[in-house]
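S.K.: Quick one: this structure, given as structure tokens, is what I'll be asking you about.
Numbering (our numbering), first residue to last: -7 to 252.
Have a look at this one:
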């Protein structure tokens, strides 16, 4: 006969204590355990699904303990199979799965234990979001809003990769090798190939600029020559005035001597 039990009683008696034990054990070892809220708060499994899992007649092939793979000290293997399937991340929402993936990404690429914003961590988080959003856009091809967000994330990641390559080439090469990203960042200015008419117009503009520069240089030289000539004329005029004053003074002195 089918098993008869109360779902709330099972969750209160088995699932919640197990989740609390896993969290406390992980906290003692300085790690984090992602227990699905659907299991920790109130289970979304139907009584029929829980009954089949408890009986062991049906084993879903996609159920894996991904949520406890990185949690040190979380003894999940010792729990019953039904408990392991209940606490699996396959019972969690997509938001919780993404959040757990982000935590694992940060833990993998951080440079020190408190690092949450270095270039490596930001690029790794963007790569994880790009992977998820790429699958979403391929499935929902008319989702223009998320498609625009995907393009923006790719551009943001490109800017961060360019900064990292300019800052440290060694760290850049290690990161793209770990993430599986091809080296498409060129720090040199790109050559621009224009059509024939556009290229001729660009050459003509450059020639006009050079001609204007040459004309300006010639005007400056001519102004300097004129300024020097005026200065020479002023000096000659001043010398003539000095000589005239000296001659008048000599004539006055001679006149005084004759009268005496």
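Glycine included, C-beta positions come from ideal geometry on N, C-alpha and C. Given the structure is predicted, the values throughout are model-derived calculations rather than measurements.
Quick check: the stretch 198 to 213 against the stretch 171 to 189, are there 3 or more CB pairs under 8 Å?
M.R.: The answer is no - the stretch 171 to 189 does not touch the stretch 198 to 213, with fewer than three Cβ pairs under 8 Å.
S.K.: Considering just the uninterrupted stretch of the alpha helix (DSSP H) at residue 220, what are its terminal residues?
M.R.: Taking the first residue of the chain shown as position 1, residue 220 is located at position 228. Where residue 220 is concerned, the enclosing alpha helix (DSSP H) stretches over 188 to 251.
S.K.: Which word fits residue 112, buried or exposed, when buried means at least 16 other C-beta atoms lie within 10 angstroms of its C-beta?
M.R.: For the purposes of this step, residue 112 is identified with residue 120 of the chain shown, where counting begins at 1. Answer is buried; the Cβ neighbour count reaches 16.
S.K.: For the stretch 83 to 97 and the stretch 115 to 129, state whether three or more C-beta atom pairs, one from each stretch, are separated by less than 8 Å.
M.R.: Enough Cβ pairs lie closer than 8 Å, so yes.
S.K.: Is the beta carbon of residue 152 sitting closer than 8 Å to the one on residue 114?
M.R.: Taking the chain shown and counting its residues from 1, one reaches residue 152 at position 160. Taking the chain shown and counting its residues from 1, one reaches residue 114 at position 122. Result yes, Cβ atoms of residue 152 and residue 114 sit closer than 8 Å.
S.K.: If you draw a straight line from the C-alpha of residue 145 to the C-alpha of residue 81, how long is it?
M.R.: As a first step, residue 145 must be located in the chain shown, where it is residue number 153. As a first step, residue 81 must be located in the chain shown, where it is residue number 89. Answer to the nearest angstrom: the Cα atoms are 26 Å apart.
S.K.: Determine the DSSP secondary structure at residue 92, reduced to helix, strand or coil.
M.R.: On the chain shown, position 100 is the one that residue 92 refers to. If DSSP states are grouped into helix, strand and coil, residue 92 belongs with the helices.
S.K.: Compare the Cα-Cα distances from residue 125 to each of 116, 139, 231 and 209 and report the closest residue.
M.R.: Stepping through the chain shown from its first residue, residue 125 is reached at position 133. The shortest Cα separation from residue 125 among 116, 139, 231 and 209 belongs to 139.
S.K.: My output table needs one value for residue 159: the three-state DSSP class, helix, strand or coil.
M.R.: Working through the chain shown from its first residue, we reach residue 159 at position 167. Helix.
S.K.: Let me confirm a value: residue 217 is counted as buried when at least 16 other C-beta atoms fall within 10 Å, else exposed. Which label applies?
M.R.: Locating residue 217 in the chain shown gives position 225, where the first residue counts as 1. So residue 217 ends up on the exposed side.
S.K.: Roughly how many angstroms lie between the CA atoms of residue 220 and residue 230, to the nearest whole one?
M.R.: Here residue 220 refers to the residue found at position 228 of the chain shown. Here residue 230 refers to the residue found at position 238 of the chain shown. Roughly 15 Å separates the two Cα atoms.
S.K.: Residue 242 to residue 234, Cα distance in whole Å?
M.R.: Taking the first residue of the chain shown as position 1, residue 242 is located at position 250. Taking the first residue of the chain shown as position 1, residue 234 is located at position 242. So the two alpha carbons sit approximately 12 Å from each other.
S.K.: Return the first residue and the last residue of the alpha helix (DSSP H) that residue 127 is part of.
M.R.: What you label residue 127 is simply residue 135 of the chain shown in a count that begins at 1. Per DSSP, residue 127 belongs to the alpha helix (DSSP H) from 111 to 131.
S.K.: Alpha carbon to alpha carbon, how far is residue 98 from residue 116?
M.R.: Sequence index remark: in the chain shown, residue 98 carries index 106 (1-based). Sequence index remark: in the chain shown, residue 116 carries index 124 (1-based). The straight-line gap from Cα to Cα measures roughly 8 Å.
S.K.: Are there 16 or more other CB atoms within 10 angstroms of the CB of residue 244, so buried, or fewer, so exposed?
M.R.: As a working note, residue 244 is residue 252 in the chain shown. So residue 244 counts as exposed.
S.K.: Count the other CB atoms within 10 Å of the CB of residue 87; is the residue buried (16 or more) or exposed (fewer)?
M.R.: Here residue 87 refers to the residue found at position 95 of the chain shown. It is exposed - the Cβ of residue 87 has fewer than 16 other Cβ atoms within 10 Å.
S.K.: Assuming residue 143 and residue 135 make a contact with CB atoms under 8 Å, what is their CB distance in whole Å?
M.R.: Residue mapping note: residue 143 aligns to position 151 of the chain shown, counting from 1. Residue mapping note: residue 135 aligns to position 143 of the chain shown, counting from 1. 12 Å between Cβ atoms; not a contact.
S.K.: In three-state terms, what does DSSP make of residue 145?
M.R.: Taking the first residue of the chain shown as position 1, residue 145 is located at position 153. Helix.
S.K.: What first and last residue would you give for the alpha helix (DSSP H) that runs through residue 74?
M.R.: Along the chain shown, one-based indexing puts residue 74 at 82. It spans 73 to 78 - the alpha helix (DSSP H) in which residue 74 sits, taken as one unbroken run.
S.K.: For residue 157, count the other beta carbons within 10 Å of its own beta carbon; 16 or more makes it buried, fewer makes it exposed. Which is it?
M.R.: Here residue 157 refers to the residue found at position 165 when the chain shown is read from its first residue. Label assigned to residue 157: buried.
S.K.: Let me confirm a value: residue 83 is counted as buried when at least 16 other C-beta atoms fall within 10 Å, else exposed. Which label applies?
M.R.: Reading the chain shown from its first residue, position 91 is the one you call residue 83. The residue is buried, with at least 16 neighbouring Cβ atoms inside 10 Å.
S.K.: Determine whether the beta carbon atoms of residue 108 and residue 102 lie at a separation below 8 Å.
M.R.: Counting from one through the chain shown, the residue named residue 108 turns up at place 116. Counting from one through the chain shown, the residue named residue 102 turns up at place 110. Contact: yes.
S.K.: Between 167, 240, 208 and 133, which has its C-alpha nearest residue 149's C-alpha?
M.R.: Residue numbering aside, residue 149 sits at position 157 when the chain shown is read from its first letter. Of the listed residues, the one whose Cα sits closest to residue 149 is 167.
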